[in-house]
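**Student:** First residue of the sequence shown? That's 60 in the working numbering, and the numbers climb one at a time after it. Just dropping this structure here.
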Amino acid sequence: MTDVRSFDRLSDAAVAGVLALAAAAEQADGVYPLSEDTVFLVRQGSGAQVLAYDDGALVGYAGGGELVVHPFFRRRGVGTALLGSLGEGPLAFWAHGDLPGAAALAEKTGFKRARVLWQMRRSLTDFSFESVLPEGVTLRHFRPGHDEEAWLGVNSRAFAHHPEQGRWTLDDLRLREAAPWFDPAGFLLAVDISDKLLGYHWTKVHPPAGDDPALGEIYVLGVDPGGHRRGLGVALSVAGLRHLADTGLTQALLYVDESNSAAVALYRKLGFEIYKTDVNYQRG
């Protein structure tokens, strides 16, 4: 029988168990089941998290709007028990990879397909675009300890209607600044002659994993709607990709909502194609 337990913070042993569970799911499904935000929550966050056990063995996890069930314990009601522990009423969860098992669980428990997030990729070995900045705009690197508040302001305005990105806080930013992958040289800021921030392209490098080589990511790209300069979004996109290509990376990726037609059109113009799909299921 599934034993479901709720926690505000996980012990070191529980953290190791959840990450091992996620690794087992990745091996079975070919896609990692937890987002970066949820991994942060598992490792050091404070927030509602639910663990499912079967005869003392960790078999399921729910937290950060995501859930995962160990491959050996699927179709035994673990996913249903995890969702049931989160209560009635409106609820949403992400399913990475658009897998049939997640779709079946969603249908069984009354969830509907609500959002689709695409991962898009392109090769950087033949990247020939050149960044052309609008007049009066220059690029510089992000300066930790100096640019946080300005960046948070532009980010919140650029993503005012985005359910996740637009709510970032100083703690969210500093958590990423402390991550091993953080590199200010790949965090490009577009500024005017007075050094006012107009937009940014924050890149991220993922180390080789499995069959994937090291990957460069358009991690976050934003332009302040109040200080928009024609062509700045394209110029920032190209500048960040040029930086990644110049470091020797051969592949680039990004995430974009299927419904964001303007961004999808830009990325297709830059040579990106859909690589995989994540689905957000909602109830209520």
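Built from N, CA and C at the ideal position, the CB exists for glycine as well.
Suppose you measure from the CA of Ala244 to the CA of Leu280; what does that come to, to the nearest Å?
**Tutor:** The alpha-carbon atoms of Ala244 and Leu280 are separated by roughly 15 Å.
**Student:** If you draw a straight line from the C-alpha of Ala237 to the C-alpha of Leu80, how long is it?
**Tutor:** 25 Å
**Student:** What is the DSSP secondary structure of Leu80, counted as helix, strand or coil?
**Tutor:** helix
**Student:** To the nearest angstrom, how far is the alpha carbon of Ser70 from that of Ala165?
**Tutor:** 30 Å
**Student:** Where do the N-terminal and C-terminal ends of the beta strand (DSSP E) with Asp316 fall, by residue?
**Tutor:** Gln310 to Asp316
**Student:** Let me know the secondary structure DSSP gives Gly273 once reduced to three states.
**Tutor:** Note that residue 273 is Ala in the sequence shown here, rather than Gly. Three-state DSSP puts Ala273 in coil, outside helix and strand.
**Student:** Which class does Leu164 belong to by DSSP, given the choice of helix, strand or coil?
**Tutor:** It is helical.
**Student:** Tell me which residues share the same chain as Trp261 and place their Cβ nearer than 7 Å to its Cβ, disregarding the 5 neighbours each side in the sequence.
**Tutor:** Phe246, Tyr278 and Val279
**Student:** Can you tell me whether Val196 is helix, strand or coil according to DSSP?
**Tutor:** coil
**Student:** Can you give the Cα-Cα distance for Gly258 and Ala116, rounded to whole angstroms?
**Tutor:** 48 Å
**Student:** I'd like the list of long-range same chain contacts for Gly136, defined as Cβ closer than 7 Å, with 5 residues on each side in sequence excluded.
**Tutor:** Only Thr61 meet the Cβ criterion.
**Student:** In the DSSP assignment, what residue or residues form a beta bridge with Phe66?
**Tutor:** Per DSSP, the beta bridge partners of Phe66 are Gln108.
**Student:** Span of the beta strand (DSSP E) holding Asn339?
**Tutor:** Secondary structure note for Asn339: its beta strand (DSSP E) is the uninterrupted segment Glu332 to Arg342.
**Student:** To the nearest angstrom, report how far apart Tyr112 and Glu208 are at their CA atoms.
**Tutor:** In this structure, the alpha-carbon of Tyr112 lies about 43 Å from that of Glu208.
**Student:** Return the chain-ordered ranges of every alpha helix (DSSP H) run that is complete within the region 177-240 and spans a minimum of 4 residues.
**Tutor:** 207-217 and 229-236
**Student:** Can you name the start and end residues of the beta strand (DSSP E) that Gly122 belongs to?
**Tutor:** Ala116 to Gly122
**Student:** So Leu308 and Val196 are in contact, right, with Cβ under 8 Å, and what is the actual spacing, rounded?
**Tutor:** The pair is not a contact, with the Cβ atoms about 25 Å apart (cut-off 8 Å).
**Student:** I'd like the span of the beta strand (DSSP E) that includes Phe152, first residue to last.
**Tutor:** Per DSSP, the continuous beta strand (DSSP E) segment holding Phe152 begins and ends at Leu150 to His155.
**Student:** Throw me the rounded Cβ distance for the Phe152 and Tyr340 pair, which I believe falls under 8 Å.
**Tutor:** Between Tyr340 and Phe152 the Cβ distance is about 6 Å, and since that is below 8 Å, they are a contact.
**Student:** Quickly, what does DSSP pair Lys263 with across the bridge? List them, please.
**Tutor:** Glu276
**Student:** According to DSSP, is Asp113 helix, strand or coil?
**Tutor:** strand
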